[in-house]
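Only one structure is covered here, and it is reproduced in the block below.
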Amino acid sequence: MAVIDDIMTHVRAGRNFLLSGGAGSGKTHTLVGVIRSVLEENPSKHIACITYTNAAADEINSRVNHPNVTVSTIHDFLWENIKHYQPQLKILLAQLVNDPDCPVQMRGVEHVEDNYFFDPDIERIDYKEYLQISKGIISHDEVIHLAKAMFQKNPKLCRLVSDRHPFILIDEYQDTQREVIEILLEMLSPKDREEGVAYSIVGLFGDSMQSIYEDGVGDIDAYVVGDQAHVHEVKMEGNRRNPKVIIELANKLRTDRIRQAPSDDRNAPNMLPDGTVKEGAIHFLYTLPGQDKDLNEVRRYIEDNYHWDFSDTKETKELDLTHNLIAGRGGFPHLIEIYDGDPILGYRDKVKKYIKDKNIAADFSDRTFAEVLEYLQTNYPEDNSKWQPSRGQQQDFIATHPDLLELAKSINYEVLSKMYVEKAQLIDDKKQSEEETGKKGTKRAVLIRHLVKLQQIIESYHERRIGDFFRLSNLPRIKVASDKSNINSAMQSLEGIDAMTIGDVIQLADAKGVLFIDDKLLSYKDANKYIYERVCALPFSEFRYLYDYLEGRTPYTTQHKTKGTEFNHVFVLMDNGRWSLYNYSHLMSGTPRGKSEGPRIRTNKLFYVCCTRAKEDLVMFYPQIQPADLEKAKEWFGKNNVIAI
C-alpha cells in the first residue's frame, strides 16, 4: 500500500508523522499495516499503540499478536510510565492541588501542605475510576496533568520512556487532550533534539473533522506547518465506506485540506461488482414552525417509503444529540433525571455555594441537611433567596416531590455535600450493538453495576449459558439433584419482577442467594443514600429499558457515541435538545452577528460524523425548520431530496 510506504519512509528517517484520512478511509486498517511493517524492520523494538474505541482495539489485538506491541488507553500508558516514581508524584500532586491555574477540579481538597501526601495513611498515589484526592486517589483528568508535570520537571524520565517506547502510535489523535500532544511532541519527541539522544517516533492517525469532544486537541497544525513543524503529513483521501451521494455531501461539510473520493479498491465495501461505487440515497425530512410531528410517525414514514426496519438494531440506528433526548423514548426517563440534573441535588449545590461564598465557618459535620437549613434560616434570614430553592425547576420539583426533599434533609450534611453524581455513572460503556465488547474499566456507579450483573444472571439462566450463570451468580454449583431444584426455584422467584421496585428486586435476589448485597453495594448506599433510595423506588422495568439501551438492543444512540461505527441505515434527529454547545440552525444558515462561532463549528463536525456513518442511505429529520435553514438543506441534499412531512 502506497500510504504505508510513505509512512515507513518517515519512520526510517526517524521522523514523526501524521496520517490524515476522512471517514471510511481505512485509518485503522492502515494503522495495523504500519505496526506490521515497523515490527518487520524492527523485530526487537517495542510499539506502544494508543486507541480510543473498542472496535479499533479489537481489530489491532486480533490482527497483531506480538509480545512487543502494547495496546492501551492514553491514561493507562501515561500512568504505567509514571506510577513507580511515588515521591515525585506526591510532591507534584500537592503542587497541582494548590495551583489556582490548574484546570483540574480537585474535588474535596482546596489546599494542602507540601508534605500532605507523605502522610503514613496515604501509602501511594493511585489511579482509579473515581477521584478521592484526600486519600491520594486520582482519576482520568488528573493523570493527564500529573503526567505532564512529571515529564516537564524530569527530562531523564522523558529519555527513559523514549528508550522504552521507541515507537508510539496514536489512533484518533484529534480526541487526545492538548496536554497529551504536548507531552508527545514537545517532551518525548521534540523538534529541537540533543545529539546522541534517542527519541520516540510518534505517529498520529486521525481526522480533524471528526474532533467532536470539547477536550480534544482537534488538529495539530502547529506541529505540521510553520516554524515549529516536525510532524510530516500523509493523506488518505479514498473512502471505502460511504456511497457516492454521501461522499459528495461529506465533502461539502469538510473545512480542511482533505477532499474524499471513492476508494480505488474494487473490494471496498462501497463498491459494486462491476467496479463502480454504490450510489446510495439521502433524504432530508422536515416540518415547518408550529407543526408538531411525533417521532413514531416519522419512523413509520421512513419504513413505509424507504423500506427500513427500525427493529433491526444492528443495521439501523437513530442518532440523537443527547442521552436525555433518548431516555424518554427509551423508557428510562427517571433514571437519567437522577444521574443528570436532579433538582434536589441542584438545591444542595446552591446551599453549598452560599456557605462557601459567605465564608460561614460553622462546623456542620454532625448536622443533617435539615439542621443546616435551620441554621441558615436563623442566622441569615435576610439572604433567603440566595439559599432557598430557585424559582422554576427546583421549586416545582420540590412542590411535587416533598418526600425527596425530606429524604435529603434527613442525611448528614457532610455526606450529602460530598455525594458526587454524573451521567456517566449511569450510561458509561454503552454498546452500539450486542456484538460489541465492553471496554476496560467503567465509570458506572456500583448500584448500576450490581443491577447489570443481576440482569446478566437472569438472561444467562434463561439462555442456558451455564458457565456464565455460575460465574456471575452466588448460587452454588450443582452437586446433588436437590441443588438443581433449588436453583430453579430461586430463579423462578425472579419471574415477573418488572412491576416490583428496584429495591425490592435487589432484596429478593439477595434473599434467594442469586446475587448477594455485598460490601461494595453497602458502602455505596452509605455514601449515596439519596441516590440509592431514589433509584430503588423506581420500577425494575425502567432499569430493564436502560439495560437494553446499554447493550445496544435499541435503535437509539447518541451522535457522539456513534463515532467509529457504521450502519446500513442512519437516521439523524436534528434537535439541539437545549444544549447550547450545538446549534443546527447556525450550521444551516450561518452564525448570527454577535454570536460565537463555536456552536456552528462543533455542530458541523458532529454533523459530518453522523452523515458518514451510513453505508447505504441516510435520512435527516429537522423539526420546525426555519426558512433560511431550508435553503441550505436544498443546497446540500438536492431539492428533490428535501421533503416536508
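Be aware that the sequence shown starts at 358, since it is given in this note's numbering, and climbs by one per residue. Note that beta-carbon positions come from the ideal geometry of N, C-alpha and C, so glycine has one too.
**Message:** With a threshold of 6 Å on Cβ separation, who are the neighbours of Y881 within its own chain once the five nearest residues in sequence on each side are excluded?
**Reply:** V803, L804
**the segment 956 to 965 contacting the segment 706 to 714, beta-carbon criterion three pairs below 8 Å** = no
**Prompt:** Whole alpha helix (DSSP H) runs in the segment 664 to 692 with 4 or more residues, listed along the chain?
**Reply:** 680 to 687
**Item:** Residues that DSSP places opposite Y857 in a beta bridge
**Value:** Checking the sequence shown, residue 857 turns out to be Met, not Tyr. Beta-bridge pairing links M857 to no other residue.
**Three-state secondary structure (DSSP) of Y570** = coil
**Item:** Three-state secondary structure assigned by DSSP to N418
**Value:** helix
**Request:** Could you tell me which of N997, G921, S942 sits nearest to Y409, measuring between CA atoms?
**Result:** G921
**Prompt:** Are the beta-carbon atoms belonging to T725 and K766 less than 8 Å from one another?
**Reply:** yes
**Prompt:** For the alpha helix (DSSP H) that N438 lies in, which residues bound it at each end?
**Reply:** 431 to 439
**Prompt:** Terminal residues of the continuous beta strand (DSSP E) containing G870?
**Reply:** Taken as a continuous stretch (DSSP letters only), G870 belongs to no beta strand (DSSP E), as it is neither H nor E.
**Prompt:** Skipping 5 residues on each side, what residues in its chain have a beta carbon closer than 7 Å to that of K989?
**Reply:** M945, S946
**Asked** Going by the CB atoms, is the gap between S546 and P523 shorter than 8 Å?
**Response** no
**F994 versus N596: straight-line alpha-carbon distance, rounded** = 19 Å
**Prompt:** Between which two residues does the beta strand (DSSP E) harbouring N845 extend?
**Reply:** Note, N845: premise wrong, no beta strand (DSSP E); alpha helix (DSSP H) at 838 to 849.
**Prompt:** What are the partner residues of A638, as DSSP defines its beta bridges?
**Reply:** D974
**Request:** Identify every residue that forms a DSSP beta bridge with M628.
**Result:** V634
**Request:** Could you check what DSSP says for H589 in three-state terms: helix, strand or coil?
**Result:** strand
**Item:** Three-state class that DSSP yields for T915 in the structure shown
**Value:** strand
**Outcome for G795 when other beta-carbon atoms lying within 10 angstroms are tallied against a minimum of 16** = Confidence at G795 is low in this model, with a pLDDT of 48, below 50, so its placement is unreliable and no value can be given for it.
**Asked** Excluding sequence positions up to five away, which residues of its chain have a Cβ less than 7 Å from the Cβ of I538?
**Response** V574, I577
**Request:** Flag this pair as touching only if the segment 725 to 734 and the segment 683 to 690 have three or more C-beta atom pairs under 8 Å; answer yes or no.
**Result:** no
**Sub-8 Å separation of P917 and A971 beta-carbons** = In the sequence as displayed, the identity of residue 917 is His instead of Pro. No, the pair does not count as a contact, with Cβ atoms beyond the cut-off.
**Item:** Check whether L773 and R705 have beta carbons under 8 Å apart
**Value:** yes
**Item:** K492 versus D458: straight-line alpha-carbon distance, rounded
**Value:** 22 Å
**the segment 431 to 438 in contact with the segment 482 to 500 per 3-pair CB rule at 8 Å** = yes
**Item:** Unbroken alpha helix (DSSP H) run spanning S817, endpoints
**Value:** 803 to 819
**Message:** Could you tell me which whole alpha helix (DSSP H) segments of length 4 or greater appear in the segment 502 to 567?
**Reply:** 512 to 521, 535 to 539
**Message:** So R516 and V559 are supposed to be a Cβ contact under 8 Å. How far apart are they, rounded?
**Reply:** Incorrect: roughly 15 Å between the Cβ atoms, too far for contact.
**Asked** Is the beta carbon of H589 less than 8 Å from the beta carbon of N885?
**Response** no
**L929 classed as buried or exposed, judged by whether at least 16 other C-beta atoms fall within 10 angstroms** = Position check: residue 929 holds Val in this sequence, whereas Leu was assumed. Its Cβ being crowded by 16 or more others within 10 Å, V929 is buried.
**Asked** Name the DSSP beta bridge partners of Y711, please?
**Response** The partner list for Y711 (beta bridge, DSSP) is empty, contrary to what the question assumes.
**Request:** Look up T427 in the DSSP assignment and say whether it is helix, strand or coil.
**Result:** strand
**Asked** Run through DSSP, which three-state label would I823 get?
**Response** helix
**Request:** For S937, count neighbouring C-beta atoms within 10 Å of its own C-beta (all shown protein chains included) and say buried if the count is 16 or more, exposed if not.
**Result:** exposed
**Prompt:** Apart from the five residues just before and just after D986, which ones in its own chain have a Cβ nearer than 6 Å to its Cβ?
**Reply:** S942, M945, S946
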